[in-house]
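Asker: If you use the numbering used here, the sequence shown corresponds to residues 2 to 283, in order. For every residue, glycine included, the Cβ atom is placed at its ideal position computed from N, Cα and C.
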Amino acid sequence: VEEPQLSTWFNFKKRPDVITRTDWLAPIIWEGTYNRQALEKYYKKLNITIGLAVFATGKFVDQYLKQFIQSANKHFMIGYNVIFYIMVDDLTKLPYIELGPLRTCKVFAVFKQYNSFDQDFHLLYMKNLNMNILAYIQHEVDFLFTMAVNQIFKNDFGIETLGSSVAQLHAWWYFKNSKDFPYERRSTSAAFIPFGQGDFYYHGAILGGIPDEVLNFTKECQKGIIQDNTNDLKSIYESHLNKYFFVNKPTKLLSPEYNWDPKFRTPSQIQHVKIEWQSERI
Numbered sequence: 002v003e004e005p006q007l008s009t010w011f012n013f014k015k016r017p018d019v020i021t022r023t024d025w026l027a028p029i030i031w032e033g034t035y036n037r038q039a040l041e042k043y044y045k046k047l048n049i050t051i052g053l054a055v056f057a058t059g060k061f062v063d064q065y066l067k068q069f070i071q072s073a074n075k076h077f078m079i080g081y082n083v084i085f086y087i088m089v090d091d092l093t094k095l096p097y098i099e100l101g102p103l104r105t106c107k108v109f110a111v112f113k114q115y116n117s118f119d120q121d122f123h124l125l126y127m128k129n130l131n132m133n134i135l136a137y138i139q140h141e142v143d144f145l146f147t148m149a150v151n152q153i154f155k156n157d158f159g160i161e162t163l164g165s166s167v168a169q170l171h172a173w174w175y176f177k178n179s180k181d182f183p184y185e186r187r188s189t190s191a192a193f194i195p196f197g198q199g200d201f202y203y204h205g206a207i208l209g210g211i212p213d214e215v216l217n218f219t220k221e222c223q224k225g226i227i228q229d230n231t232n233d234l235k236s237i238y239e240s241h242l243n244k245y246f247f248v249n250k251p252t253k254l255l256s257p258e259y260n261w262d263p264k265f266r267t268p269s270q271i272q273h274v275k276i277e278w279q280s281e282r283i
């Protein structure tokens, strides 16, 4: 599925208070910048299917999974075919959730090889997501989002977010000076970004695109994490995500409105929160 021409649905001048496009001319989606009706005319003809993959293990199944799926059922891509892909380590803990029209759910047991690398939560996630995209997901959906489970949808998360490669701007860092971004600065790390370089700081809570792009991300992310683990470098997952998007520029960026932390004072630029980040409970 090709993306519709940007000029038919996006107006970067509508929000002069924020950055609405990147140096490489990718749109940054804020409330007021997009025309969802124009997008509806385009996508409704194509009968697209959108996947939403979520990974929940241990305490995350009990604490977050039900509210995540319930809120996604209410707000994620309403009016379109949606498949929820739920990856859990304990199928007996899977909550019952009644889904709305055009929504289906597929559950996968988390595959573990029980080696030292499987202790890394994000590496295990990437490995399972990669495996399921190859075996099933790439044949079933036109677009795929993968999201952290500790989030709650608050408003419509719609088709304005669809793109070949979609990255989420980090609410904690969007309003900070770029020189303070917590990129990996050790040159020996696979996630290394030199001082003075870098575009934005991206959040690992939301990532999307066509299945091939998401698959490429999982491959590169795994490679970087394994390289650093092998070299006894304790780099974090989000550093590898930021390195990936530094090298492979996303075609669409989601503003902090799509993932806002309610612990922060909400500035005037945040007009319509789509998803709230839930800080992990101990």
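For Asp229, count neighbouring Cβ atoms within 10 angstroms of its own Cβ and tell me buried if that reaches 16, exposed if not.
Answerer: Asp229 comes out buried.
Asker: Candidates His123, Glu221, Asn36, Gly52: which alpha carbon is nearest Tyr86's?
Answerer: Among His123, Glu221, Asn36, Gly52, the Cα nearest to that of Tyr86 is on Gly52.
Asker: Can you give the Cα-Cα distance for Lys14 and Asn36, rounded to whole angstroms?
Answerer: Approximately 13 angstroms, taken between the alpha carbons.
Asker: Rounding to the nearest angstrom, what Cα-Cα distance links Ile286 and Thr267 in this structure?
Answerer: Residue 286 is absent from the structure shown; the chain starts at 2 and stops at 283.
Asker: Work out the CA separation of Thr231 and Asn48 for me, nearest whole Å.
Answerer: Roughly 45 angstroms separates the two Cα atoms.
Asker: If you run the structure through DSSP and keep just helix, strand and coil, what is Glu185?
Answerer: Correct three-state label for Glu185: strand.
Asker: Out of Met88, Asn217, Asn156, Gly164, which one is the CA nearest neighbour of His76?
Answerer: Closest option to His76, Cα to Cα, is Asn156.
Asker: Would you kindly check if the distance between the Cβ of Val142 and the Cβ of Thr50 is under 7 angstroms?
Answerer: Cβ atoms of Thr50 and Val142: closer than 7 angstroms.
Asker: Classify Ala192: buried if its beta carbon has 16 or more other beta carbons within 10 angstroms, exposed otherwise.
Answerer: By the neighbour-count rule (16 or more Cβ atoms within 10 Å), Ala192 is buried.
Asker: Select from Thr93, Asn82, Arg104 the residue whose C-alpha is nearest the C-alpha of Gln71.
Answerer: Comparing Cα-Cα distances from Gln71 to each of Thr93, Asn82, Arg104, the minimum goes to Arg104.
Asker: Considering only residues of the same chain and omitting the five flanking positions on each side of Leu163, which have a CB-CB separation below 6 angstroms?
Answerer: Once the five neighbours on either side are set aside, the close Cβ partners of Leu163 are Phe144.
Asker: By the three-class DSSP mapping on this structure, what secondary structure does Pro17 have?
Answerer: Coil at Pro17, not helix or strand.
Asker: Hey, quick one: how far does the beta strand (DSSP E) through Lys107 stretch, first residue to last?
Answerer: Here the beta strand (DSSP E) through Lys107 covers 104-110.
Asker: Which of the three DSSP states is assigned to Ile283 in this structure?
Answerer: Bear in mind that the predicted position of Ile283 carries a pLDDT of just 38, short of 50, making it unreliable; the figure below should be weighed with that in mind. Ile283: coil per DSSP, three-state reduction.
Asker: Keeping to the same chain, check which residues put their C-beta closer than 6 angstroms to that of Asn133; ignore five residues upstream and five downstream.
Answerer: Taken in chain order, the residues that qualify are Phe109.
Asker: Let me check understanding here. Comparing Cα to Cα, which of Asn249, Asp262, Lys46 lies closest to Val167?
Answerer: Among Asn249, Asp262, Lys46, the Cα nearest to that of Val167 is on Asn249.
Asker: Going by beta carbon distance, what residues of the same chain come within less than 7 angstroms of Ile283, once the five residues before and after it are set aside?
Answerer: Low confidence applies to Ile283: its pLDDT is 38, below 50, so where it sits in the model is not reliable enough to give any reading.
Asker: Per DSSP, Gly225 forms a beta bridge with which residues?
Answerer: According to DSSP, which records beta bridges pairwise, Gly225 is partnered with nothing at all.
Asker: Runs of 3 residues minimum, wholly inside the region 191-274: which ones carry the beta strand (DSSP E) assignment?
Answerer: Fully enclosed beta strand (DSSP E) runs of 3 or longer: 203-210, 253-255.
Asker: Around the C-beta of Leu254, are 16 or more other C-beta atoms found within 10 angstroms, so that it is buried, or is it exposed?
Answerer: Classification of Leu254: buried, given that the 10 Å Cβ count is 16 or more.
Asker: If contacts are defined as beta-carbon pairs under 8 angstroms, then Ser256 and Ile30 qualify, I think. What distance do you get, rounded to the angstrom?
Answerer: That belief holds up - the Cβ atoms of Ser256 and Ile30 are roughly 6 angstroms apart, short of 8 angstroms.
Asker: Taking only runs that begin and end inside the region 37-109, name each unbroken beta strand (DSSP E) of 3 or more residues, in chain order.
Answerer: For the region 37-109, whole beta strand (DSSP E) runs of length 3 or above, ordered along the chain, are 50-57, 82-89.
Asker: Please state whether the Cβ-Cβ distance between Glu239 and Glu32 is less than 7 angstroms.
Answerer: No, they are not a contact pair.
Asker: Sort out for me which residues DSSP pairs Glu277 with in a bridge.
Answerer: Paired residue(s): Ile153, Trp261.
Asker: Is the region 170-177 touching the region 199-206, taking contact as three or more C-beta pairs under 8 angstroms?
Answerer: Yes, they touch.
Asker: Which class does Ser165 belong to by DSSP, given the choice of helix, strand or coil?
Answerer: Correct three-state label for Ser165: coil.
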